[in-house]
Structure formats: C-alpha cells, structure tokens
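Beneath this line is the structure, given in structure tokens, with notes to follow.
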Amino acid sequence: MNIERTFKAVLISPWASLVFVMYIFGEHLLTQSTESLSSIASQIPGTLFVLSMFVFGFVGTSYLVVVFAGVPVHWVLSKLGIRHWSIYLFLGLCIGLLWQFVLLLGSNMPSQLQEVGYLAYAINSVVVSLVFWYIAVNSHNKKKQADA
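The sequence shown lines up with residues 8 to 155 when you count with my numbering.
Okay, structure coming up:
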C-alpha cells in the first residue's frame with residue numbers, strides 16, 4: 008500500500024459522489040414539463056440550497072465511509088496482494104449497502120424510500136470505489152511507483 012496514493016485516493020474519491028448527485032438533479036430537470044420549468048426558474052435559490060445539501064450529505068458520508076471502512080479494507084487487500092478492480096467494487100458495494108442497512112435499523116421509513124436509499128448508496132459506493140481503486144491501485148501507477 009502506497010501511502011501517498013492512498014492519501015490522494017481518500018481526498019479525491021468521495022467527490023465522485025457529485026457525479027451521482029448531478030445525474031439525479033439533471034434527470035429531475037429533464038423530466039419536468041415545460042410549464043413547470045418557468046416555476047423552477049423562479050425557485051433557483053431554493054433549488055441551489057437543496058442541491059448543496061445533497062452535495063454535502065453525499066460527499067460527507069462518502070468521506071466518513073472511505074476513511075473508516077474503505078482505508079482499512081484497502082490495507083487488508085494490499086497485504087493480501089489483491090489488486091483487481093472487481094474486488095474493490097464488490098467490497099465497496101457491500102460496505103455501502105451495510106452502511107445503509109445500519110442507518111435504517113429501527114427506522115419506520117416507508118419501504119419505497121428504503122429501496123431508493125439502498126439504490127442510491129449502491130450506485131454511490133460503486134462510483135466512489137472505482138475512483139478510489141483507479142487512484143490508489145490501478146496498474147498505470149505501477150510505472151511511477153513500484154509498490155501498490
């Protein structure tokens with residue numbers, strides 16, 4: 008495990024959550040009818056506030072999960088010599104779904120919202136895991152530094 012590349016991956020990979028947030032926001036805007044677009048334009052400050060709350064929520068949660076779960080898993084995988092991207096994606100998916108499961112323990116949230124939450128965490132954790140793997144482990148870094 009290369010400390011410098013792992014540190015860069017920890018700093019950068021949670022920001023990949025923005026891809027998911029921007030996709031959701033774009034899809035929401037594209038599915039609006041043309042009549043409601045004028046009312047959306049008048050609500051830009053509120054929309055930007057809600058968008059920023061989603062950004063802080065997704066990126067903040069991603070940082071917590073990467074630091075407290077992702078880095079220890081990366082350390083174990085590097086000690087075992089496992090470097091394949093699919094393992095990182097699978098474990099990232101498992102961590103994200105487990106995180107969502109723990110958050111929903113004892114919750115009386117409707118099942119439809121729970122399903123959306125699981126889907127959101129699954130997509131987000133796969134994207135963040137892929138970016139983490141690309142920065143910290145990918146073989147293109149092997150030429151720059153021998154240790155992965």
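Don't be surprised by glycine CBs; every beta carbon is placed ideally from N, CA and C.
Leaving aside the five residues before and after residue i along the sequence, list all residues of the same chain whose C-beta is less than 7 Å from its C-beta, in chain order.
i, result
"Y70", "P21"
"A16", "F139, I142 and A143"
"F61", "V28"
"V135", "S20, P21, A23, S24, S69, V73 and G99"
Within the same chain, show all residues whose beta-carbon is closer than 8 Å to that of residue i, passing over the 5 residues directly before and after it, in chain order.
i, result
"A94", "The sequence shown places Ile at residue 94, rather than the Ala named in the question. For I94, where only same-chain residues beyond five positions count, the Cβ hits under 8 Å are L84."
"K86", "M8"
"I130", "F27"
"Y128", "G103, L104, W106 and Q107"
Does the distance between the C-beta of residue i and the nearest non-hydrogen atom of the ligand GTP fall short of 8 Å?
i, result
"A23", "The ligand GTP is not part of this structure, which contains no ligands at all."
For residue i, collect the residues of the same chain with a Cβ closer than 6 Å to its Cβ; drop the 5 residues on either side in sequence, then sort them by chain order.
i, result
"T13", "A143"
With a cut-off of 8 Å on the beta carbons, I'd call residue i and residue j a contact; round off their distance for me.
i, j, result
"F65", "F97", "About 21 Å; that fails the 8 Å criterion."
"L111", "G124", "7 Å"
"G103", "S132", "3 Å"
"F139", "V72", "Their Cβ separation, rounded to whole angstroms, is 11 Å, which puts F139 and V72 out of contact at 8 Å."
"H81", "M8", "7 Å"
"F32", "L55", "Going by Cβ atoms, the distance from F32 to L55 rounds to 10 Å, so no, they are not a contact pair."
Can you give me the start and stop residues for the alpha helix (DSSP H) that residue i sits inside?
i, result
"S24", "S24 to L37"
"V17", "I10 to I19"
If you scan the region 63-131 from start to end, which runs of the alpha helix (DSSP H) of 4 or more residues do you find wholly inside it?
-> DSSP runs (the alpha helix (DSSP H)) wholly in the region 63-131: 78-87 and 92-111.
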